[in-house]
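A short write-up of the structure that comes next.
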Amino acid sequence: MCLFRFLGSDFKLLNLLVNYNKFYSPSLTYPLNFAKIVKYNGLGKRFTSSLSENSDSTSVSDIYFKTPTSERVFSDILTMDSLSPREFRIFLNDVVKLKVDDVLLWSKAATYCIENASKFKFFDALSVLESFTQAKIYDKALFTEFSRYLTIQSPMMEPRHLIQCINVYAFSGTFPQALFLEVFYGIIKQSEKMYAAEFVDMFNCLSKWNIKNKQVLSALCKTLAKNVSILRYAELTQVAACCRNLEIEDETFRFILDSWQKKELAMMTIQEMLDCLKKLKNIEVKLENYEELLFKEFVKQVNELDGDDIAQLADPFDCLEFLKSTGALSKEFLLSLTKWCADAVHNPPTRSQKRPLSHQLVELYNLVQEYGIEEKYIDKAVLKFVTSKGGLRLRNPKPIPTVYKPNRKYVFTDDPENPRPIPEIKYLENDIPQESEKSKHINKIVEELEPYPKFFDKINIKKPSTQSCGKASFRLKPKTYRHKNIPVKQ
Numbered sequence: 001m002c003l004f005r006f007l008g009s010d011f012k013l014l015n016l017l018v019n020y021n022k023f024y025s026p027s028l029t030y031p032l033n034f035a036k037i038v039k040y041n042g043l044g045k046r047f048t049s050s051l052s053e054n055s056d057s058t059s060v061s062d063i064y065f066k067t068p069t070s071e072r073v074f075s076d077i078l079t080m081d082s083l084s085p086r087e088f089r090i091f092l093n094d095v096v097k098l099k100v101d102d103v104l105l106w107s108k109a110a111t112y113c114i115e116n117a118s119k120f121k122f123f124d125a126l127s128v129l130e131s132f133t134q135a136k137i138y139d140k141a142l143f144t145e146f147s148r149y150l151t152i153q154s155p156m157m158e159p160r161h162l163i164q165c166i167n168v169y170a171f172s173g174t175f176p177q178a179l180f181l182e183v184f185y186g187i188i189k190q191s192e193k194m195y196a197a198e199f200v201d202m203f204n205c206l207s208k209w210n211i212k213n214k215q216v217l218s219a220l221c222k223t224l225a226k227n228v229s230i231l232r233y234a235e236l237t238q239v240a241a242c243c244r245n246l247e248i249e250d251e252t253f254r255f256i257l258d259s260w261q262k263k264e265l266a267m268m269t270i271q272e273m274l275d276c277l278k279k280l281k282n283i284e285v286k287l288e289n290y291e292e293l294l295f296k297e298f299v300k301q302v303n304e305l306d307g308d309d310i311a312q313l314a315d316p317f318d319c320l321e322f323l324k325s326t327g328a329l330s331k332e333f334l335l336s337l338t339k340w341c342a343d344a345v346h347n348p349p350t351r352s353q354k355r356p357l358s359h360q361l362v363e364l365y366n367l368v369q370e371y372g373i374e375e376k377y378i379d380k381a382v383l384k385f386v387t388s389k390g391g392l393r394l395r396n397p398k399p400i401p402t403v404y405k406p407n408r409k410y411v412f413t414d415d416p417e418n419p420r421p422i423p424e425i426k427y428l429e430n431d432i433p434q435e436s437e438k439s440k441h442i443n444k445i446v447e448e449l450e451p452y453p454k455f456f457d458k459i460n461i462k463k464p465s466t467q468s469c470g471k472a473s474f475r476l477k478p479k480t481y482r483h484k485n486i487p488v489k490q
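For the sequence shown, position 440 matches number 440 in full-length UniProt numbering, and the numbering has no gaps at all.
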């Protein structure tokens, strides 16, 4: 139990809240339980809120807080006025997570927001309004006051803030005209700079609240038609479903989506198809036709895999579990998986290698017997797995490295003391070289020539000087020219 100190004016506010017909509990299944007013050590009147009998409901007496600010406010609700807008946003997030359903706390929070609405940044204001919607509390004065300042700050909003603004006010059932004009203008202005995920979130938001503004939808479709290549298959499936729900009758845009769907499907790998199918399984808004085409193509390519092609999958047994859950498991895939296991068990048991585990081999062995497939490959895989202790005995001990010493001669050189005899060259009869008449005549002329002079072998060739830094240096002699009219002295 927790006690709250408040003034006389607050006590009147509490009576108004209790007797106010339109104020309801945040949850119909977890009603508010009020206790009595007691005196506590002369500190004035305090209000106690008791816990609901349901264990899922939490009152302000919970001792688990995210920040010290929340703990301080829970201990004394009057300190809420001293919080900054940022601290107040964090505090309300804690209140929502703890499922606090105390009427006095939420009424005090609404009063604080109305009095300090001008101090809130747009992201803090949207987060506070989202906390009220999550608690299923609607205060018309609060939403109206915040809409005035959100309209002024709307040019600074990003696409995610525009989506959050639409969700918050659409949940309350109010659509302030000035605010939504700025929001729609911001969507049209920022449509050319949106990412694929932002396009998907925007279409989902408009489809959820059935907002069929022609100018907004036309701008989004026109921009997306130019940049349709940014959409992946899962995002394309969601956008196409939202366009169907919004009754967009642009045939050109639909043709572009269908053309890109065919191209994207033809270029996807098996692993990308598997990831996309698992992602689409958890998505509510999707086009069933696109999902069905993807599933058929995935099953077709999986059944065509061979033993070596199974390595394309990041986790082959994850694919096996998916096929089992969808009822598309075939004998061809099981046979290919057994062939892959027979080779993969030879891989070392490291995180960089893909190899089957013991429980996976047992599961695969049971499926092989159930489907009546050849057991040769699975028996080979199990035998190798057992004899190698799960791959721990696969690696041979490292060889001792050879030490090469300086001036060490190679082992393949001939022994100088016992040289190897050089074999004679053997020719065939037709390949024996014969000296021609022309070569004989040339050799005879060479022999008749005079021998080289005696000093020919003793000629010393002058080498260039290498004095400056080891480089060759040459000194050129100056050229002397004589005049044509001056006789040369001898």
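C-beta: ideal position from N, C-alpha, C; glycine also. Note that the structure is predicted; figures quoted are calculated from it, not measured.
Item to complete: State the Cα-Cα distance for the pair T237 and E247, rounded to the nearest angstrom.
Response: Here residue 237 is taken as the residue at index 237 of the sequence shown, counted from 1. Here residue 247 is taken as the residue at index 247 of the sequence shown, counted from 1. Distance between the alpha carbons of T237 and E247 is about 16 angstroms.
Worksheet item: What did DSSP end up calling V285 once you bin it into helix, strand or coil?
Response: Locating residue 285 in the sequence shown gives position 285, where the first residue counts as 1. Three-state DSSP puts V285 in coil, outside helix and strand.
Discussion item. At a threshold of 7 angstroms, does K389 count as lining the ligand SAH (C-beta to nearest heavy atom)?
Written reply: The ligand SAH is not part of this structure, which contains no ligands at all.
Worksheet entry | First and last residue of the uninterrupted alpha helix (DSSP H) at Y138 | Indexing the sequence shown from 1 puts residue 138 at position 138. Element bounds for Y138: n/a, residue is neither H nor E.
Worksheet item: So, using beta-carbon positions, are I303 and E332 closer together than 8 angstroms?
Response: Looking up residue 303 in the sequence shown gives position 303. Looking up residue 332 in the sequence shown gives position 332. The question names Ile, but residue 303 in the sequence shown is Asn. Yes, these two residues count as a Cβ contact at 8 angstroms.
Worksheet item: Going by beta carbon distance, what residues of the same chain come within less than 7 angstroms of S118, once the five residues before and after it are set aside?
Response: Locating residue 118 in the sequence shown gives position 118, where the first residue counts as 1. Hits under 7 angstroms: Y149.
Discussion item. Here's a check: name, in chain order, each residue in its chain whose Cβ is nearer than 7 angstroms to the Cβ of Q271, leaving out the five neighbours to either side.
Written reply: Residue numbering aside, residue 271 sits at position 271 when the sequence shown is read from its first letter. So the qualifying residues of the chain are Q312, L313, A314.
Discussion item. Using a 10 Å radius around the Cβ and a threshold of 16 neighbouring Cβ atoms, would you call V362 buried or exposed?
Written reply: Here residue 362 refers to the residue found at position 362 of the sequence shown. Exposed.
Worksheet item: Which residues in the same chain as V200 place their Cβ atom closer than 7 angstroms to its Cβ, once the five residues preceding and following it in sequence are excluded?
Response: Position 200 of the sequence shown, counting from 1, holds the residue named residue 200. Contacts found: E235, Q238, V239.
Worksheet item: Whose C-beta lies closer than 7 angstroms to the C-beta of K140 among residues of the same chain, with five residues either side of it excluded?
Response: As a position in the sequence shown, residue 140 is number 140, starting the count at 1. Cβ within range, chain order: n/a, list empty.
Worksheet entry | Simplified DSSP assignment, three categories, for V386 | As a working mapping, residue 386 is identified with position 386 in the sequence shown. Of the three classes helix, strand and coil, the one that applies to V386 here is helix, per DSSP.
Item to complete: Answer with buried or exposed for S358, where buried requires no fewer than 16 other C-beta atoms within 10 angstroms of its C-beta.
Response: For the purposes of this step, residue 358 is taken as the residue at position 358 of the sequence shown. When all chains shown are included, S358 counts as exposed.
Discussion item. I'd like to know if the stretch 157-167 and the stretch 176-186 are in contact, where contact means that at least 3 CB-CB pairs between them fall below 8 angstroms.
Written reply: yes
Worksheet item: How is the alpha helix (DSSP H) around Q238 delimited, first residue to last?
Response: Locating residue 238 in the sequence shown gives position 238, counting from the first residue. Here the alpha helix (DSSP H) through Q238 covers 233-245.
Item to complete: Determine the DSSP secondary structure at F74, reduced to helix, strand or coil.
Response: One-based indexing of the sequence shown puts residue 74 at position 74. Three-state DSSP puts F74 in a helix.
Worksheet item: For Q360, which residues from the same chain have a beta carbon less than 6 angstroms from its beta carbon, with the 5 sequence-adjacent residues on both sides left out?
Response: Locating residue 360 in the sequence shown gives position 360, where the first residue counts as 1. The residues are F317.
Fill in: K339 and G390 closer than 8 angstroms at C-beta
Position 339 of the sequence shown, counted from the start, is the residue given in the question as residue 339. Position 390 of the sequence shown, counted from the start, is the residue given in the question as residue 390. No, Cβ-Cβ distance for K339 and G390 is not below 8 angstroms.
Worksheet item: Under three-state DSSP, which class holds R5?
Response: Reading the sequence shown from its first residue, position 5 is the one you call residue 5. Since pLDDT at R5 reaches only 35, below the 50 mark, its modelled position is unreliable, and the value read off the structure follows with that caveat. Correct three-state label for R5: strand.
Fill in: Through-space distance from S439 to I422, alpha-carbon basis
Taking the sequence shown and counting its residues from 1, the one referred to as residue 422 is at position 422. Taking the sequence shown and counting its residues from 1, the one referred to as residue 439 is at position 439. Approximately 29 angstroms between the Cα atoms of the pair.
Item to complete: Label F132 either buried or exposed according to how many other C-beta atoms from any shown protein chain fall within 10 Å of its C-beta, with 16 as the threshold for buried.
Response: Residue mapping note: residue 132 aligns to position 132 of the sequence shown, counting from 1. F132 comes out buried.
Discussion item. I believe K108 touches I77 by the beta-carbon criterion, under 8 angstroms. Please report the beta-carbon distance rounded to the nearest angstrom.
Written reply: Within the sequence shown, numbered from 1, the residue matching residue 108 stands at position 108. Within the sequence shown, numbered from 1, the residue matching residue 77 stands at position 77. Their Cβ separation, rounded to whole angstroms, is 6 angstroms, which keeps K108 and I77 in contact under 8 angstroms.
Worksheet item: If you draw a straight line from the alpha carbon of L231 to that of K263, how long is it in whole angstroms?
Response: For this step, residue 231 is matched to residue 231 along the sequence shown. For this step, residue 263 is matched to residue 263 along the sequence shown. In a straight line, the C-alpha of L231 is about 12 angstroms away from that of K263.
Worksheet item: Is R420 buried or exposed, if buried means 16 or more other CB atoms sit within 10 Å of its CB?
Response: Counting from 1 along the sequence shown, the entry for residue 420 is found at position 420. With fewer than 16 Cβ atoms within 10 Å of its Cβ, R420 is classed as exposed.
Discussion item. Taking only three categories from DSSP, how would you classify V200?
Written reply: Taking the sequence shown and counting its residues from 1, the one referred to as residue 200 is at position 200. Of the three classes helix, strand and coil, the one that applies to V200 here is helix, per DSSP.
Discussion item. I'd like the span of the alpha helix (DSSP H) that includes V183, first residue to last.
Written reply: Walking along the sequence shown from the start, residue 183 turns up at place 183. Unbroken alpha helix (DSSP H) run through V183: 177-190.
Worksheet item: Taking the alpha-carbon positions, what's the V382 to K296 distance?
Response: In the sequence shown, residue 382 corresponds to position 382, counting from 1. In the sequence shown, residue 296 corresponds to position 296, counting from 1. Computed Cα separation, rounded: 32 angstroms.
Discussion item. Using only the alpha-carbon positions, how far apart do L43 and R72 sit?
Written reply: As a first step, residue 43 is located in the sequence shown; it is residue number 43 there, counting from the start. As a first step, residue 72 is located in the sequence shown; it is residue number 72 there, counting from the start. With a pLDDT of only 29 at L43, under 50, the local geometry of the prediction cannot be trusted, and the value read off the model is given with reservation. Cα to Cα, the separation comes out at about 18 angstroms.
Item to complete: Output the distance between the C-alpha atoms of F34 and I114, rounded to the nearest integer angstrom.
Response: Here residue 34 corresponds to residue number 34 of the sequence shown, with the count starting at 1. Here residue 114 corresponds to residue number 114 of the sequence shown, with the count starting at 1. Note that F34 scores 32 on pLDDT, short of 50, meaning its location in the model is unreliable; the coordinates nonetheless yield the value given after this. Rounded to whole angstroms, F34 to I114 spans 26 angstroms at the Cα level.
Discussion item. Going by DSSP in three states, S330 sits in which element: helix, strand or coil?
Written reply: What you label residue 330 is simply residue 330 of the sequence shown in a count that begins at 1. Coil.
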